[in-house]
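There are 2 protein chains.
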Amino acid sequence: MDILSIIKNRRSVRRYLKNTPSDYEIKRVLDAARWAPSGLNNQPWRFLIIKDKETRYHLAGFTKYGYILKSSPVAIVICMSIPDSYNRDKDLMSIGACIQNLCLEAYSIGLGTCWLGEILNNKQKVSKYLELNKNLEAVAVIALGYPRGNAVKPCRKPISALRIKII
Amino acid sequence: MDILSIIKNRRSVRRYLKNTPSDYEIKRVLDAARWAPSGLNNQPWRFLIIKDKETRYHLAGFTKYGYILKSSPVAIVICMSIPDSYNRDKDLMSIGACIQNLCLEAYSIGLGTCWLGEILNNKQKVSKYLELNKNLEAVAVIALGYPRGNAVKPCRKPISALRIKII
């Protein structure tokens, strides 16, 4: 499959099979993630991997989309390394690129992902519960596992609606 | 090439051949860009495409990396649509995912890109010069073209240094 197909066919997966991805598969998605570009190559991303069911269920209590975290066998908490950050806007964009790499690689090896942002309305509770040190800021949680059923096909605005102008 | 190879072999390209990518190629990279995920599917990204040499050279004056913009036949200014934005952090991350899609697709069809952030230290000058309306905030500029020579191979931290813990 060419990359444009991978990009277009990736879906947000909200229901998962029970079996846990292998350590090799998890390593692959993290390997993709770490190859994102970043300003001054500062690589501000850090990963906390949650396989433990009790921890995952507790985390699920911090978001209205908790059913996704209860279903996914793995959750990856994406953090920003504050000492490595030099420009919040640019570092957040780099971390977005890093997450996209993770999601694309996951899809290409048969895994599903769901990028959860709403949970960060409870960022302080999440940080405290996970005992994150003060150098780390949680910026996203990614559900990961084998998809169950078919995910909804989303829509996108056409290029003509996104193009400001051509000079 | 599998996607992990595309992700790992993509480089920041700082020198370009003179020939301009075709409209079809530009459309492909924008097509990839628009399929990024975003919170509530708000698709906050907008694109301003610059092919005009004079405009590109003028823009180059706003960044110490101007030589890249002078070399690349195309520049794409990535903007955030402020009325569509509902959470700045999440929207910046989504736009990072959008830019990564653009860069990966470009690489896969033989084009090079360079993600320029430093120019945004002059964000107001850029916005004024490009006559961006107040609903648009420039958040990145992407140089685009056919690579000239070999780009530098960068390094990345090992996964072990990025993994906070496994629970």
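Taken in sequence, the protein lines are chains A and B. Here the working numbering is used: position 59 in the first sequence is 46, and no number is missing along the way. Here the working numbering is used: position 112 in the second sequence is 99, and no number is missing along the way. Every residue gets a Cβ at the ideal spot worked out from N, C-alpha and C, and that includes glycine.
Where does R33 (chain A) fall in DSSP's three states? Position 46 of the first sequence, counting from 1, holds the residue named residue 33 (chain A). R33 (chain A) falls in the strand class under three-state DSSP.
Just checking: is the beta-carbon of S58 (chain A) within a distance shorter than 9 Å of some beta-carbon in chain B? Counting from one through the first sequence, the residue named residue 58 (chain A) turns up at place 71. Cβ-Cβ to chain B under 9 Å: no for S58 (chain A).
Opposite L103 (chain A) in the DSSP bridges: which residues? As a first step, residue 103 (chain A) is located in the first sequence; it is residue number 116 there, counting from the start. Paired residue(s): A:V128.
What does S72 (chain B) reach in chain A if we use C-beta pairs closer than 7 Å? Residue mapping note: residue 72 (chain B) aligns to position 85 of the second sequence, counting from 1. Correct list: empty, because the minimum Cβ distance to chain A is about 13 Å.
Answer yes or no: does any C-beta atom of chain B fall closer than 9 Å to that of R33 (chain A)? Residue mapping note: residue 33 (chain A) aligns to position 46 of the first sequence, counting from 1. For R33 (chain A), the answer is yes, since a Cβ of chain B falls inside 9 Å of its Cβ.
Going by DSSP in three states, A47 (chain B) sits in which element: helix, strand or coil? Taking the second sequence and counting its residues from 1, the one referred to as residue 47 (chain B) is at position 60. A47 (chain B) sits in a helix when the DSSP states are folded into three classes.
R150 (chain A) - containing beta strand (DSSP E), residue span: The count along the first sequence starts at 1 and reaches residue 150 (chain A) at position 163. DSSP places R150 (chain A) inside the beta strand (DSSP E), whose first and last residues are R150 to I153.
Give the secondary structure of C85 (chain B) by DSSP, where H, G and I count as helix, E and B as strand, and everything else as coil. Residue mapping note: residue 85 (chain B) aligns to position 98 of the second sequence, counting from 1. Looking at C85 (chain B) - three-state DSSP - the assignment turns out to be helix.
Note down the Cα distance separating A19 (chain A) from L123 (chain A), rounded to an integer number of angstroms. Within the first sequence, numbered from 1, the residue matching residue 19 (chain A) stands at position 32. Within the first sequence, numbered from 1, the residue matching residue 123 (chain A) stands at position 136. So the two alpha carbons sit approximately 21 Å from each other.
Using a Cβ-Cβ cut-off of 7 Å (strictly less than) and excluding sequence neighbours within five positions of I96 (chain B), which residues of its own chain qualify? Working through the second sequence from its first residue, we reach residue 96 (chain B) at position 109. A distance below 7 Å between beta-carbons, with the five flanking residues on each side excluded, links I96 (chain B) to the following residues of its chain, in chain order: E12 and R15.
Pull out every residue of the segment 94 to 122 of chain B whose Cβ sits closer than 7 Å to any Cβ of chain A, in chain order. Residues of the segment 94 to 122 of chain B with a C-beta less than 7 Å from any C-beta of chain A: S95, W102 and G104, listed in chain order.
Residues in its own chain within less than 8 Å of K57 (chain B) by CB, not counting five upstream and five downstream? As a first step, residue 57 (chain B) is located in the second sequence; it is residue number 70 there, counting from the start. Answer for K57 (chain B): R43, Y44 and A47, listed in chain order.
Three-state secondary structure assigned by DSSP to Y3 (chain A): Position 16 of the first sequence, counted from the first residue, corresponds to residue 3 (chain A). In this structure, Y3 (chain A) counts as strand in the three-state DSSP scheme.
Tell me, to the nearest whole angstrom, how far the beta carbon of L(-9) (chain A) is from that of F34 (chain B); I am working on the premise that it is less than 8 Å. Here residue -9 (chain A) refers to the residue found at position 4 of the first sequence. Here residue 34 (chain B) refers to the residue found at position 47 of the second sequence. The Cβ separation is near 17 Å, so there is no contact.
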